[in-house]
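According to my numbering, the sequence shown holds residues 11 to 247 in order.
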Amino acid sequence: MPYRTLSAAQVIDTIDALSRRITERFPGSGLHNVSDELSAVARRCAAESERLRDPVIPIRVSVYSIWVLGAAALSWIALTLHYDEMEFEAASLVQVLEPAMNIAVLVGLGVVTLGRLEERWKRAKALDYLHELRSIAHVVDMHQLTKDPYRRLLPATASSPDVSLQGPLLERYLDYCSEMLSLTGKLAALFAQSCRDPEVVAGAGDIEQLTTALSRKIWQKIMAFSRYESVAENTAP
11 MPYRTLSAAQ VIDTIDALSR RITERFPGSG LHNVSDELSA VARRCAAESE RLRDPVIPIR
71 VSVYSIWVLG AAALSWIALT LHYDEMEFEA ASLVQVLEPA MNIAVLVGLG VVTLGRLEER
131 WKRAKALDYL HELRSIAHVV DMHQLTKDPY RRLLPATASS PDVSLQGPLL ERYLDYCSEM
191 LSLTGKLAAL FAQSCRDPEV VAGAGDIEQL TTALSRKIWQ KIMAFSRYES VAENTAP
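Structure, rendered in structure tokens:
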């Protein structure tokens, strides 16, 4: 189902291509370093999201072992009873059924506990990676904070940041930031696709909302780019 699920390989290829574009356009820049880090994180996220699809073998073996031991205990009780000497009265039946019920309860508790242990383990792993992706999104946002198209129209102050980019290069820089945020959201979506835990799905949704909001802020700058460029041309001597 290539068009129904998000392909981790395709996401990694897109991130690698974006990293090469940033390296070729802005070599040695901070954004280039962030793109390299995002590429490395993407590979770890893809590998971990694939592992989350598979059962945790030690936990599953423990669950099956509990089932087997419980069934063996019940069988042992059933085989060691002396049915010919048993009086089928209420008190006798309670004494006979009580051990079987205790074993059944213990087996059920063990299975439920171990089942939740696997769920909690997968949730913790996914949330750790989602936290890392959230941090990367904020790092990308930090790199575009001072990249405003209208900054060179205003007189600089002592605390003003250097204007290192302008014109089409500034627009391309902002566009790269927007693409990196979008791809960060796609990496988060890989965990929501692999792990159906409600907390993981909610965490991935939060990151997608965050990256969308940050990207929207960048696109507001890009949309204003042409207007401020026109003002700069008209005010130029």
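Even for Gly, the Cβ is constructed at its ideal location relative to N, Cα and C.
* **Exposure of M317, with buried meaning 16 or more beta-carbon neighbours within 10 Å** => Outside the shown range of the chain (11 to 247) lies residue 317, about which nothing can therefore be said.
* Asked: Under 7 Å, do L184 and K132 count as touching if we go by C-beta distance?
  -> Position 174 of the sequence shown holds residue 184. Position 122 of the sequence shown holds residue 132. No.
* Chain-order list of residues whose beta-carbon lies under 6 Å from that of L220 (same chain, five-residue window excluded) -> Taking the first residue of the sequence shown as 1, we reach residue 220 at position 210. Closer than 6 Å at Cβ, skipping near neighbours: A147.
* Smallest Cα separation from E181: which of E218, E47, Q230 and L127? -> For the purposes of this step, residue 181 is taken as the residue at position 171 of the sequence shown. Comparing C-alpha distances from E181 to each of E218, E47, Q230 and L127 shows the shortest one belongs to Q230.
* Asked: Where does D138 sit, in a helix, a strand or coil, going by DSSP?
  -> Reading the sequence shown from its first residue, position 128 is the one you call residue 138. Helix at D138.
* Asked: To the nearest whole angstrom, what separates the beta carbons of I217 and G195, a pair I think is in contact under 8 Å?
  -> Start at 1 with the first residue of the sequence shown, and residue 217 comes out as number 207. Start at 1 with the first residue of the sequence shown, and residue 195 comes out as number 185. About 6 Å; that satisfies the 8 Å criterion.
* Return the CA-CA distance between L137 and V211, expressed in angstroms with no decimal places. => As a position in the sequence shown, residue 137 is number 127, starting the count at 1. As a position in the sequence shown, residue 211 is number 201, starting the count at 1. Taking the straight line joining both Cα atoms gives about 10 Å.
* S192 versus Q154: straight-line alpha-carbon distance, rounded -> Locating residue 192 in the sequence shown gives position 182, where the first residue counts as 1. Locating residue 154 in the sequence shown gives position 144, where the first residue counts as 1. Computed Cα separation, rounded: 15 Å.
* With respect to the alpha helix (DSSP H) encompassing S204, which residues constitute its N-terminal and C-terminal limits? -> One-based indexing of the sequence shown puts residue 204 at position 194. Bounds of the alpha helix (DSSP H) holding S204 are P178 to S204.
* **Own chain partners of E142 with C-beta closer than 7 Å, once the 5 adjacent residues on each side are dropped** => Within the sequence shown, the letter at position 132 stands for residue 142. Only V51 meet the Cβ criterion.
* Return helix, strand or coil for K132, following the three-state DSSP convention. => Locating residue 132 in the sequence shown gives position 122, counting from the first residue. In the structure shown, K132 sits in a helix (DSSP, three-state: H, G or I).
* To do: Let me know the secondary structure DSSP gives F36 once reduced to three states.
  => On the sequence shown, position 26 is the one that residue 36 refers to. Three-state result, F36: coil.
* Asked: Run through DSSP, which three-state label would T156 get?
  -> Residue mapping note: residue 156 aligns to position 146 of the sequence shown, counting from 1. Coil, per DSSP.
* Hey, how far is the Cα of D64 from the Cα of A198? -> As a working mapping, residue 64 is identified with position 54 in the sequence shown. As a working mapping, residue 198 is identified with position 188 in the sequence shown. Cα-Cα distance, rounded: 18 Å.
* **Exposed unless 16 or more other CB atoms sit within 10 angstroms - verdict on Y13** => One-based indexing of the sequence shown puts residue 13 at position 3. Exposed: under 16 other Cβ atoms inside 10 Å.
* Contact check, F201 vs S45 under 8 Å by CB: the rounded distance? -> On the sequence shown, position 191 is the one that residue 201 refers to. On the sequence shown, position 35 is the one that residue 45 refers to. Going by Cβ atoms, the distance from F201 to S45 rounds to 21 Å, so no, they are not a contact pair.
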